[in-house]
Amino acid sequence: MAAKTHVDSSVGERRLRPIYDWLDNGNNKKALQEADKVLKKQPNFQCAKVLKALALLRLGKEDECIQLLDVVRAEVPCDDSTLQAMTICYREIHNPERICEIYEAATKKEPNNEELLDTLIHKQQQTAMALYKLKPKNPYYFWAVMSVVMQAYKADDKLCQNCWCCLSQRGWSRRGASGVEGPLGEKLVSYVFVPLKRASLLMKLERWQDSNILFKLLLREDLDRWSYYVDYFTSALALMDSDSSVEMCKDFLSLVLSENEALSRKLRGPYLAYLELYRRLHERGDKPEQVLGDIMELLMRYIDNFGDKPCCVSDLKIFLPLIPSNRTKDFIHRVNESIGLKEGELPTSGGKTDAAALISRVQLSRCVGCHMDLSVSDKLAPRASSLLQFYDHGHTFNRDTLHTEFACNDPYALLACSYSIRRVGRNRNQSAHIRCYTSPGIRSHHQPIQFPCQAPLASLLFPSLVSAGGAAHRTYELLDVKHMQLDSLGYYHCNNIFVTGQFTATSALYEATLKFFTANYKDSVDHLTFSYKFGSFLKIEEFVEFRERLNNSLHYALVTVERMLLELLASKNFSETVKK
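Counting from 1 along the sequence shown, just add 108 to a position and that's the residue number in the working numbering.
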């Protein structure tokens, strides 16, 4: 009997394979034809019926699809392939409640089917406990506990959150856990992430003294871990309101800095830590200069060591507003002195190092607002022109640079474009737009990689400013934007292409963007399933937050509305389009 069942299953899979292939390829008409062929031979083949329903749905025949699904649902299917296919159908018709119902009915029909219970993650707590009673395995018990945790996470009321958290803690305690430390915790001491996780839990519990001591130990082991410094300062400042002082914090930073300076290769973290503490104290309304010294000296200490590194400006950007407005020019003067190059002088003997330091100087000057005093004409000439001159000169330092590496002179071109964009954005001079668009910094072919995002985005912006939608769309296609980039970068182009009259390209772009958002929201259920299945409980909250962020994306909402407006524009029958 078992052999016959296996043969029937193999035959069924072989007959269904063409239907799956046509559905995957997007040829729903062929999939429907193949499903009808199979049903002529096997009229009661449940999975074939559901695949036919899926093909009908994707052909726009939703009513016929629902009728067929209701017929199959009444038969209470239990095989995994049929249930999975029905799950896809109910997702696409936005009826997830039916998914719970079909799995619940299947488990009632076959209550001892472990595989079926394993697949069912909806109604998690009851299902997980049923699994644990059937097969007393630890993962099933922890599924039940984690389902309670997630109910607390999603609860709106504070009282409900506390109630669910207490329930989950009680369930966890039954398995031998006791607070942050316990028998189970001792088994994890060999893992690297455990001390950090323990420290973060202590922070959430507001056990500032314990977390402060632990972060000190962690920092002594890793002097350059910025997240440690951030949490260390949070705990230290909390203790300052009780039994600690700024001097104790400064003494620890001095110890860390002395250990760092003894290294052959200095790390950035200890220098930035002084700046971060200064910023935190300044925000509290304290007087950090009395304890840590002049902010200018702290900044220059970092620049003297790392001013020729690409990370210099990004590291210092959040600390630059701490410089008093009447001292910004003095700061840039100090930076110029540290480089050793006169205004307009090209780097020679220092090579890439001097070029990088000069780039940092120009970027820092922009960050503190020195360019705001320049007139409109000065922004383009001589500033932009001189930066392009530096860019051309920088090619002499790229002889040994691989084509897959960033060139040391690329930031010059981007800075020149930034000056130009600011200038043409004020006076709407189209000739200036075209000059910027065709400048060597944007159109250069010297370096194929050339800042994969920034330079093409600049190329995308210029034609958009002069309503050259076709040129902008060709640049956008070269970027090969996909997946999350459709949200993080797609808005650059979606916001402009509609008004340029490129309606065919606009329709395709909106369709691809909306397809990503809708498909990703549905597929996130699978991510949650696998997190439970393989015990990756720490990822469950991240997946839930990620799904909600995508669903609440402003770009998603704007494209949805713009797509409706585009359909109205292209419609021949306004009233019929509105009904849809």
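For glycine and all other residues, C-beta sits at the position ideal for the given N, C-alpha and C.
Coil, strand or helix - residue i by DSSP
i, result
"Asn603", "helix"
"Arg507", "coil"
"Leu331", "coil"
"His591", "coil"
"Lys216", "helix"
"Ala370", "coil"
"Phe642", "coil"
"Phe153", "coil"
"Glu650", "helix"
"Cys475", "helix"
"Cys525", "helix"
"Asn221", "coil"
"Cys420", "helix"
"Pro303", "helix"
"Arg582", "helix"
"Arg409", "helix"
"Gly415", "coil"
"Leu674", "helix"
"Ser308", "helix"
"Arg125", "helix"
"Leu495", "helix"
"Lys160", "helix"
"Cys357", "helix"
"Pro378", "helix"
"Glu397", "helix"
"Ala576", "coil"
"Asp518", "helix"
"Ser343", "helix"
"Gly168", "coil"
"Asp462", "helix"
"Ser679", "coil"
"Gly598", "helix"
"Pro244", "coil"
"Gly502", "helix"
"Glu314", "coil"
"Gly120", "helix"
"Pro429", "helix"
"Asp132", "helix"
Residue i classed as buried or exposed, judged by whether at least 16 other C-beta atoms fall within 10 angstroms
i, result
"Met691", "The question about residue 691 has no answer here: the residues shown for the chain are numbered 109 through 688."
"Gln154", "buried"
"Ser679", "exposed"
"Gly393", "exposed"
"Val253", "buried"
"Leu177", "buried"
"Thr612", "exposed"
"Ala214", "buried"
"Ile321", "exposed"
"Leu677", "exposed"
"Ile550", "Note on Ile550: pLDDT 48, under 50, position unreliable in the model; the coordinate value appears next. Result: buried."
"Lys157", "buried"
"His90", "In the structure as shown, the chain starts at 109 and stops at 688, and residue 90 therefore has no counterpart that could be examined."
"Ser366", "exposed"
"Asn133", "exposed"
"Ser468", "buried"
"Asn506", "buried"
"Ala464", "buried"
"Arg671", "buried"
"Asn368", "buried"
"Cys525", "buried"
"Pro378", "buried"
"Gln192", "exposed"
"Val302", "exposed"
"Ser353", "exposed"
"Cys419", "exposed"
8 Å Cβ cutoff, residue i in contact with chain B
i, result
"His635", "Looking for chain B here will not work: only one protein chain is present."
- alpha helix (DSSP H) segments (min. 4 residues) lying fully within the segment 173 to 207: The segment 173 to 207 contains these whole alpha helix (DSSP H) runs: 188 to 200.
- Query: Three or more beta-carbon pairs under 8 Å between the segment 307 to 321 and the segment 357 to 374, yes or no?
  - Reply: no
- Task: Check whether the segment 159 to 166 touches the segment 192 to 209, taking contact to mean three or more Cβ pairs, one atom from each stretch, closer than 8 Å.
- Result: yes
- Task: Evaluate contact between the segment 635 to 650 and the segment 598 to 613, counting only Cβ atoms and requiring at least three cross-stretch pairs below 8 Å.
- Result: no
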